[in-house]
Amino acid sequence: MKPALILIVQLAVWLLLAPLLPGLINRVKAWVAGRRGPPVLQLYFDLARLWRKRVIISELASPGFIAGPAVTWVALLGAALLLPLGPLETGWGFRGDALLMLALLALARFASAWAALETGSAFEGMGVVREVSYAVLSEVSLMAAFLTLSVQSGSLSLQTMLAPAAGPGAALLAGGLFIVLLAENCRVPFDDPDTHLELTMIHEVMVLDHSGPPLAVILHGASLKLLLFALLLVQAVLPLGNWTAGTAAGALAAGVLIVVITVGLVESLLARLSFRRVPLLLTTAVLLCVFALLMAWKGGAA
Amino acid sequence: MNQQLNLLIGLTMGFNLLALGSHRLPGLIRVVAWQGVVLGLMPLVMEHAIDWRVALLASGTVAGKGFLIPTLLRKAMRAASIDRELHPLVGFVPSLLLGAGGTLGAVALSRALPLLPEHASSLLVPGAIASVFTGFVLLIGRSTAISQVCGYLILENGIYLFGLLLIRATPLLVEAGVLLDLTVGVFVIGIIVDRIQRAFDSLDTRKLTVLRE
Amino acid sequence: MTGPFLLLSGTALLGAVIAGGRAPRLWLGLNTFAAIAILAAAGPILGGGAAWAWCAPWTLGGETPRFQLDAISAFFLVLLAVVGGAGALYSRDYWSDREHPESVVRGRIGWSGLLLAMEGLLIAGNGLQFLICWELFALCGFFLIVLENRRLAVRRAGWLYLAASHTGTLALFAFFTLLSARTGGWEIGPMRDDPSLAPLLWLAFLGFGLKAGLFPLHVWLPSAHGNAPSHVSAILSGVAIKMGIYGLVRFTGWLPAPPGAGWVLLALGVGSALFGIAFALAQSDVKRLLAYCSVENIGIICTGLGAALLARNADDAPWGRLVLAGALFHVWNHGAFKALLFFAAGSVLHATGTREISRLGGLWSRLPWTAGAFAIGALAVSGLPPLNGFASEWLVYLGLFDAATTHGPSSSAALPAVMLLALAGALALATFAKAGGLIFLGAPRTQAARRAHEGGAWMRGPMIGLAGLCVIAGLLPGLLWPVLARVVAAWHPGWAGAAGPAPFSALGPRPLMLGLVLAGAAWLLTRTVRAGGSHRALTWDCGYAKPAARMQYTAGSFGALATRWFRWLLRPERTLRRPRGLFPSGARDLERTPETVLERGLDPLAKVLLRGVTIVRRLQHGGLQAYLLYVLAGVGLVAAVVFLGGKS
Chain A
1 MKPALILIVQ LAVWLLLAPL LPGLINRVKA WVAGRRGPPV LQLYFDLARL WRKRVIISEL
61 ASPGFIAGPA VTWVALLGAA LLLPLGPLET GWGFRGDALL MLALLALARF ASAWAALETG
121 SAFEGMGVVR EVSYAVLSEV SLMAAFLTLS VQSGSLSLQT MLAPAAGPGA ALLAGGLFIV
181 LLAENCRVPF DDPDTHLELT MIHEVMVLDH SGPPLAVILH GASLKLLLFA LLLVQAVLPL
241 GNWTAGTAAG ALAAGVLIVV ITVGLVESLL ARLSFRRVPL LLTTAVLLCV FALLMAWKGG
301 AA
Chain B
303 MNQQLNLLIG LTMGFNLLAL GSHRLPGLIR VVAWQGVVLG LMPLVMEHAI DWRVALLASG
363 TVAGKGFLIP TLLRKAMRAA SIDRELHPLV GFVPSLLLGA GGTLGAVALS RALPLLPEHA
423 SSLLVPGAIA SVFTGFVLLI GRSTAISQVC GYLILENGIY LFGLLLIRAT PLLVEAGVLL
483 DLTVGVFVIG IIVDRIQRAF DSLDTRKLTV LRE
Chain C
516 MTGPFLLLSG TALLGAVIAG GRAPRLWLGL NTFAAIAILA AAGPILGGGA AWAWCAPWTL
576 GGETPRFQLD AISAFFLVLL AVVGGAGALY SRDYWSDREH PESVVRGRIG WSGLLLAMEG
636 LLIAGNGLQF LICWELFALC GFFLIVLENR RLAVRRAGWL YLAASHTGTL ALFAFFTLLS
696 ARTGGWEIGP MRDDPSLAPL LWLAFLGFGL KAGLFPLHVW LPSAHGNAPS HVSAILSGVA
756 IKMGIYGLVR FTGWLPAPPG AGWVLLALGV GSALFGIAFA LAQSDVKRLL AYCSVENIGI
816 ICTGLGAALL ARNADDAPWG RLVLAGALFH VWNHGAFKAL LFFAAGSVLH ATGTREISRL
876 GGLWSRLPWT AGAFAIGALA VSGLPPLNGF ASEWLVYLGL FDAATTHGPS SSAALPAVML
936 LALAGALALA TFAKAGGLIF LGAPRTQAAR RAHEGGAWMR GPMIGLAGLC VIAGLLPGLL
996 WPVLARVVAA WHPGWAGAAG PAPFSALGPR PLMLGLVLAG AAWLLTRTVR AGGSHRALTW
1056 DCGYAKPAAR MQYTAGSFGA LATRWFRWLL RPERTLRRPR GLFPSGARDL ERTPETVLER
1116 GLDPLAKVLL RGVTIVRRLQ HGGLQAYLLY VLAGVGLVAA VVFLGGKS
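Residue numbers (the working numbering), protein chains in the order written: chain A, 1 to 302; chain B, 303 to 515; chain C, 516 to 1163.
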């Protein structure tokens, strides 16, 4: 397919389909709680509303307060464009792009931390501290997961890493990546996206003082990140390369839907973890990925 | 020749014991001066042919060791205006006994050394070792700076005697070197003595312990 | 043309040493001229020219001086020229004649002396020359560190630096003497064929590792780089510790490696990276934080070097090229961004008078250029695209991933290395979010921070220049690949042929595009916000009515979460006095992270040694007569030994 067409399809998926996911999760949570819940397209309405609003900037904030969300969003989109969409080969892939993806996620985190510290509030500082500290463990898990995929497939290009059959450690890898998805996207049991109690916030508090278009950009970026991790999880576990294009696309969509529903169920059924337990859960994620790595290593050496 | 040499060396050893026993500073300086004169005359005795170089060196040694250096020491003593009585760390009688024992030991030791036959019969080596030892005893056993300088001079005389062993091989070089060494040393010590006096208002070298880190 | 340029730069630096006392402008001009001359000498060799060597036709002290300049030396010379020149320009306003009249002359002389000694070190072709230049360079470093010698902390830092430096020099003395004894001469050159030279490499590791600041040997680095003037910290962190790396690279290239050398270097590198950044996160003094971060980056470089050594010895694998190229690229990148960060920290110190992060805050409005420079430096050191830190770390990771996928005998080392480096990288991000955010953003915490003002053009210029270098090296890393390939080929000629396409060509124009899109998006969003009409007001802040500046997070509290996981290593000391009663008068909660290896390891050991030595010290009581007795006794003992020995 022509590169321009590929790019259009990718952008359509990422930009247009990503905001659907938070709506789906909220619907699942509402269904478990016996409520009707907000419409699935709620985030789209929110983004449009926010885009029209005026911005209030803190007296202490520098130009980085507005530039931060922009950098975050571009970095997340860049990481998203590197990820192949099942049968659709990304036009941006190259040898070593998995590492660029991780680095772009880190850039997004740094920029959002910088923007959060701008207002000089103690709460944002707290959110930044928690975010960057827990990110240490989730980054190790992601690196271990990529290492597993690389050892299994023998290459370091996401296209080839994600295509072939998942190895014997698929279940372990799935578990580890799911926990990392929950952590990175601020879902229960790490962080409650609906809360505004300062003692329990991580990501929510970092965006506390943003308003208007920058907040819209941040929210869209968050949904991008969620779709990114969901697609990564699904493609890492399912051997999409062995199936035809149509089957693969369908399996991909179904997989993302299953992930979303699982996230919604987890959010409804589990309570937030005490902060002392969070490193424990993240370490479990690291260990799951490391065990998957060892299984892949042994399998390859044999 | 050997007899005269042995006589002079015997005289030197006697002066060593005198120095160990003297309990006044001017006396000590006088003994060292006489020892210096005696040593200055030794090359004249040892050389068969007395040419102008030997004569010059001998007169220089006599002048330096016998007159110049003691004069400097007396001047320093007067300038410092210290007590002329010596207060020893090692008592006079023990120092004398040590000196005598050292002389006897030097004679015994030199018999054990592998010397040339012409030197084996002379008293040069025992005299040298005895002077060195005496110099050390004075250095260790006396507290006033000037008395320690005298001990150092006696030490140098011992080394000078050793140097006379080589008078055939390097005839005048050794004496000239030792003389120069000595002069420089005494000049430096003169300056240091002055400094010690200024800093501590006394020449008791036991006061130097305050310089310890 | 290499020889004349080197000679020109050498004479210019010598002239600068002499002129440093009286003519500041002449000194600056000579320094800049020397830096340009060094670049002119090193440039052609890196661009593909042949290596240069010159034997002097005369002898000096029995040895013929030999100079040689190949790709590896030229690589480090370029770093020296850039940071040395920038630092000289920076010091004109930072350590000016007006503010520090008593030490500015020493500073200038020391700076040029340091540059001259390092240049001599890099072009030495003879072991004696190497050692002489090494010692001179260590001494110049000492004099530069103690410029502010009225402060006790500075003097202590200087003594510690000197002690550590001389321990390393002792090891290097042993190394070079044994080398010359075994090879029969003081010349140093490729000596791979002689396997008896392999164990000497351990001595080289000790000596060069002490200078480079690898983990357990880094104890002098934080206090020395933290207490020195900022431009001195910049050149020490940026170039001087790279001399240790130069020695390691040089001699692992020329000598055969003993078994296990690659594993040890790799382990030390990974350990340094992880522990260094853990310490950095716990610091509240910005310059100590930057110093510990240097330990981390040296760890990354040694990881690459150790992996390359493994690759070369175990199976001559091509992934070794990638890790070595990444490590070397990181040498340059670290030099650039660490110097930039130290210059920015110096600017902050110059403006506010304090290095404590918890006393600063909100400096972006008063020091905009410094804030921008620090932000770029922070992005670079965290390894974020599209800057240069990412490019070099990407190469190292690429090589390690290749090692893991090839399943060779040494590739089991790559697995923990990759994961621990990722851990260190994430901690680095946290550290620099802390440093940059707490210093420049938010509200000023003290009066000093409120009254800061930006330095002059002489301080801003070098910062902008170095920031520009970081950006260009990050956006267009492909331009530098041929240089890196040449240096790698000089290290191991077996890797000289191009095995596959350059990795940066795979990266392609992506960094550049990313940079442009980032800039464009930021500009677009700002324009949208302004068009929509924004206004400044007090924001929500979770409903606090009167937020105070002291309520913001401090350096200690920022790092508290992550450093708690490393408490076994950091061993912080805590002073806690809780508020008591209904109307408490005061409370105190202080936490201090010591330099653990020094204060919990070396200090107790030193105390034990001192106790034993004090007993012997009683012999030294200052009594002249007793000392003479010792002399007599010694002579007598020697005579007895001679006699008895001769008799039997």
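Using N, Cα and C, we set each Cβ at its ideal position, and we do this for glycine too. Quantities reported herein were computed from a predicted structural model and do not represent experimental measurements.
Three-state class that DSSP yields for residue i in the structure shown
| i | result |
| --- | --- |
| residue 570 of chain C | strand |
| residue 681 of chain C | helix |
| residue 1136 of chain C | coil |
| residue 1007 of chain C | coil |
| residue 908 of chain C | helix |
| residue 499 of chain B | helix |
| residue 1098 of chain C | coil |
| residue 8 of chain A | helix |
| residue 502 of chain C | Outside the shown range of chain C (516 to 1163) lies residue 502 of chain C, about which nothing can therefore be said. |
| residue 575 of chain C | strand |
| residue 713 of chain C | coil |
Burial state of residue i (16 or more Cβ within 10 Å)
| i | result |
| --- | --- |
| residue 1054 of chain C | buried |
| residue 242 of chain A | exposed |
| residue 373 of chain B | exposed |
| residue 130 of chain A | buried |
| residue 802 of chain C | buried |
| residue 423 of chain B | exposed |
| residue 812 of chain C | buried |
| residue 1088 of chain C | exposed |
| residue 304 of chain B | exposed |
| residue 191 of chain A | buried |
| residue 97 of chain A | buried |
| residue 1122 of chain C | exposed |
| residue 737 of chain C | buried |
Contacts of residue i in chain C (Cβ-Cβ under 7 Å)
| i | result |
| --- | --- |
| residue 511 of chain B | 1136, 1137, 1138 |
| residue 218 of chain A | None at all; the shortest Cβ gap to chain C is about 11 Å. |
| residue 507 of chain B | 1139 |
| residue 359 of chain A | No answer is possible for residue 359 of chain A: the residues shown for chain A start at 1 and end at 302. |
| residue 113 of chain A | 948, 952 |
Amino acids of chain B, ordered along the chain, whose beta-carbon sits closer than 8 Å to that of residue i
| i | result |
| --- | --- |
| residue 1152 of chain C | Correct list: empty, because the minimum Cβ distance to chain B is about 14 Å. |
| residue 541 of chain C | None at all; the shortest Cβ gap to chain B is about 42 Å. |
Chain B contact residues for residue i, given Cβ-Cβ distances below 9 Å
| i | result |
| --- | --- |
| residue 1147 of chain C | 435, 438, 439, 441, 442 |
For residue j and residue i, believed in contact at Cβ under 8 Å, the rounded distance
| i | j | result |
| --- | --- | --- |
| residue 634 of chain C | residue 595 of chain C | 7 Å |
| residue 560 of chain C | residue 517 of chain C | 7 Å |
| residue 248 of chain A | residue 141 of chain A | Going by Cβ atoms, the distance from residue 248 of chain A to residue 141 of chain A rounds to 26 Å, so no, they are not a contact pair. |
| residue 1108 of chain C | residue 798 of chain C | 7 Å |
Proximal chain A residues relative to residue i, where beta-carbon distance stays under 7 Å
| i | result |
| --- | --- |
| residue 807 of chain C | By Cβ distance, chain A contributes nothing, its closest Cβ being about 16 Å from residue 807 of chain C, past 7 Å. |
Closer than 9 Å at the beta carbon, the chain C residues around residue i
| i | result |
| --- | --- |
| residue 514 of chain B | 1135, 1136, 1137, 1138 |
Chain A residues whose Cβ lies nearer than 9 Å to that of residue i
| i | result |
| --- | --- |
| residue 657 of chain C | Within chain A, no residue comes near residue 657 of chain C; the closest Cβ sits about 37 Å away, beyond 9 Å. |
Contact set between residue i and chain C, taken where Cβ atoms lie within less than 8 Å
| i | result |
| --- | --- |
| residue 223 of chain A | By Cβ distance, chain C contributes nothing, its closest Cβ being about 17 Å from residue 223 of chain A, past 8 Å. |
Chain A contact residues for residue i, given Cβ-Cβ distances below 8 Å
| i | result |
| --- | --- |
| residue 877 of chain C | 60, 120 |
Decide if the stretch 718-732 of chain C is in contact with the stretch 636-644 of chain C; the criterion is three or more beta carbon pairs, one per stretch, under 8 Å apart.
no
Assess contact between the stretch 70-79 of chain A and the stretch 217-224 of chain A, defined as three or more Cβ pairs (one per stretch) separated by less than 8 Å. Is contact present?
yes
Touching or not, the stretch 648-665 of chain C and the stretch 679-696 of chain C, by the rule of three or more beta carbon pairs under 8 Å?
yes
At least three beta-carbon pairs within less than 8 Å, the stretch 869-877 of chain C to the stretch 844-853 of chain C:
no
At a Cβ cut of 9 Å, what residues of the stretch 378-407 of chain B count as close to chain F, listed as they run along the chain?
Of the protein chains in this structure, namely A, B and C, none is chain F.
For the stretch 1075-1090 of chain C against the stretch 787-794 of chain C, do three or more pairs of beta-carbon atoms, one drawn from each stretch, fall closer than 8 Å, so that the two count as touching?
yes
Okay, do the stretch 689-704 of chain C and the stretch 660-673 of chain C touch, 3+ Cβ pairs below 8 Å being the bar?
no
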